[in-house]
DNA sequence: CACACATATGGTACCGGTACCAAAAGGCGC
DNA sequence: GCGCCTTTTGGTACCGGTACCATATGTGTG
């Protein structure tokens, strides 16, 4: 099944079939009809692989995220997929499982598919990879974090550090002084929030009561148990900043089991503003990032670039919003 | 940058370069080294598009899911992606947004990429699509639901109906008699659970107190509000079967706000056993489906098929497990 | 040492589209 | 009717790999 077969049946040249598919207006309506009928009759589905090779336009974008298990990233992917599909692109995805090594290998693999753009989560640290990306000459969009020194081409995201600082301002503003911090171990992107946490405390001449890095995989560091352990060891703690809403949810449940009032005994704040955070009891103070919009904007940049435009802004800061809810009501 | 360039630099024929990449053992070690050095020096990345066209093996699998927003499906995708990558395949994804129309269009688009297999969520209803899939002659794996009449080729999943029946047996066994049902509107896959709900009640000569289909998008049918409305209108209700854990979580929070004891005033059961369900207070009775495993097995079938094997079983029922927790403790 | 045979490498055509240019057909003014 | 320009269609080569077969080189045996 090929253009040639269709062309034969319709009594035209292969090239005309190609035109019917790609630039229908350039074919006389009656010819077009004849070709369309032949396509229909044969159940012909154009081979995009051949098309990609010949036209040097793959209409493929590949995206790498740390994990699809985290709803934050799947939101981004959804924003990407929706917008790209509307522009006739397809999305190849890879999950790096938070590993820089897997990420590097994946980037090279992906480049083999000759995508027109590649979407990466966070910074590009390896020089080898940066070089390969530049040599490929394709659009590179880095999403999520906006770390100045590490941007290869374009970036769409928000300032992780500033967001965490804003949350600390909120907590300190509410009068909390004995603060703890929790983040999933290995989450590179939480690191900056931890730095912000420390520095904000230092500015007020305060010290963390604890900084815990529980694991989702190692049962010895189960987030719930770890939270309880830390609070019991540091009972003076009056608020905990969790680097992700999921952790904060677990902390709320742990408090319920223990009979610790939230807020009252302990205030809790999260990051990411998952849908559940507005509904949970008590509702969770969090930092809202418009994930879907990050994906949508990234796709937009890609489509614009493909259309030959140089987008005005190479770095788009979509900002964040502190959503104040019950879990951090004044003590 | 092409095999020819590399071949020239290494002083061999293009074909030898191809062999170094695909079947290294068929090349004398010293020749191989020379070629590898040339590849390294030029930063050559083989063009998989050309390779696909020429070899008629795209090493691409495409997967369609209703949404990536639902952690259940992203788990499946992750299982797929991990296993496929280990076998040197790439994954193209599409989300159908629960729309049969989008799904059909996507299937055709995807076929254009000449994937070696396509993964679909649930049944194939349109005859046109079924035909196109058969004509493409590729492996079709339907995941999730195992509906007998709708399987094109292979299927990996569980029996939705049986799972819901088992949950009803559990609820009735615990003595609950005045049952309500909730599912997100438009969720095709919840439909069977609803049927099971009704039939199980009918067998006990019972009638549902209510069946509600809230929406995640239409604020007039916000799941939380809808749940409260239904309970207030049908105060005799002593248990609610939610077609997804997410709904059950929202219901728990609604009960907390209203001061309704769970269990006690109302028992709640979910579906899917999200990680949070074990942690929430009260912990949620649910039906566990091993999502990741569904993805893994689907990938396994695909890889086996590609290797020329006909897998023993075309339909793999991975089963389910009723996880009894606090939310349905006896009244 | 000739022969059969395995191993290593090369040459050529082809996968199924499309870019590019040439040619034919149609439209219009004078 | 002729020339000129636009629109429509066709022919050919090529994208960058690999299948297939031919050829060259090495290996063991009687």
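Residue numbers (the working numbering), protein chains in the order written: chain V, 1 to 331; chain Y, 1 to 331.
Just so it is clear, CB atoms sit at the ideal spot from N, CA and C, and this is done for glycine as well.
The model shown is predicted, which means the values in this text are computed figures rather than measured ones.
Spatial neighbours of residue i in its chain, beta-carbon cut-off 6 Å, leaving aside the 5 residues before and after
i	result
residue 265/Y	none
residue 94/Y	64, 106
residue 296/V	79, 83
residue 34/Y	10
residue 161/V	192, 196
residue 205/Y	none
residue 62/Y	92, 110, 115, 118
residue 321/V	288
Of the residues the options, the one placed nearest residue i, counting alpha carbons only
i	options	result
residue 112/V	108/Y, 121/Y, 63/Y, 43/Y	43/Y
residue 67/V	30/V, 121/V, 55/V	121/V
residue 106/Y	88/Y, 90/Y, 176/Y, 126/Y	126/Y
residue 223/V	276/Y, 193/Y, 228/Y	276/Y
residue 119/V	132/V, 92/V, 135/V	92/V
residue 327/Y	292/Y, 165/Y, 270/Y, 307/Y	270/Y
residue 255/V	245/V, 49/V, 32/V, 268/V	268/V
residue 286/V	323/V, 50/V, 56/V, 156/V	323/V
residue 109/V	90/V, 98/V, 133/V	133/V
residue 203/Y	244/Y, 177/Y, 30/Y	177/Y
residue 250/V	283/V, 301/V, 51/V	283/V
residue 140/Y	186/Y, 315/Y, 185/Y, 278/Y	315/Y
residue 313/Y	18/Y, 123/Y, 23/Y, 154/Y	154/Y
residue 190/V	171/V, 245/V, 61/V, 218/V	245/V
residue 294/V	262/V, 76/V, 200/V	76/V
residue 300/V	28/V, 87/V, 258/V, 274/V	87/V
residue 59/Y	331/Y, 303/Y, 279/Y	303/Y
residue 308/Y	142/Y, 138/Y, 15/Y	138/Y
residue 172/V	201/V, 149/V, 148/V, 220/V	201/V
residue 85/V	310/Y, 102/Y, 149/Y	102/Y
residue 81/V	28/V, 310/V, 292/V, 320/V	292/V
residue 340/Y	5/Y, 147/Y, 136/Y	Outside the shown range of chain Y, which is 1 to 331, sits residue 340/Y, and nothing can be said about it.
residue 168/V	274/V, 194/V, 96/V	194/V
residue 70/Y	331/V, 274/V, 330/V	274/V
Whole-Å CB distance - residue i paired with residue j, under 8 Å assumed
i	j	result
residue 130/Y	residue 152/Y	6 Å
residue 317/Y	residue 145/Y	About 11 Å; that fails the 8 Å criterion.
residue 298/V	residue 156/V	5 Å
residue 164/Y	residue 192/Y	7 Å
residue 184/V	residue 214/V	7 Å
residue 53/V	residue 50/Y	5 Å
residue 188/Y	residue 98/Y	7 Å
residue 332/V	residue 72/V	Nothing can be reported for residue 332/V: it is not among the residues displayed for chain V, which extend from 1 to 331.
residue 281/Y	residue 257/V	6 Å
Cut-off 8 Å between Cβ atoms - residues of its own chain near residue i, not counting five sequence neighbours on either side
i	result
residue 100/V	125, 126
residue 46/Y	3, 21
residue 180/V	208, 209, 210, 211, 212, 230, 231, 234, 237, 239, 240, 241
residue 128/V	104
residue 261/Y	255
residue 32/Y	20, 24
DSSP three-state assignment for residue i, whether helix, strand or coil
i	result
residue 206/Y	coil
residue 152/V	coil
residue 117/V	strand
residue 97/V	coil
residue 300/Y	helix
residue 15/V	helix
residue 321/Y	strand
residue 192/Y	helix
residue 232/V	helix
residue 182/V	strand
residue 256/Y	helix
residue 288/Y	strand
residue 316/V	strand
residue 139/V	strand
residue 227/V	helix
residue 212/V	strand
residue 243/V	coil
residue 271/Y	coil
residue 27/V	coil
residue 112/V	helix
residue 145/Y	strand
Beta-carbon contacts of residue i that lie in its chain and below 7 Å, excluding the five residues immediately before and after
i	result
residue 198/V	208
residue 74/Y	68
message: I want to know whether the segment 34-42 of chain V touches the segment 7-22 of chain V - three or more CB-CB distances under 8 Å.
response: yes
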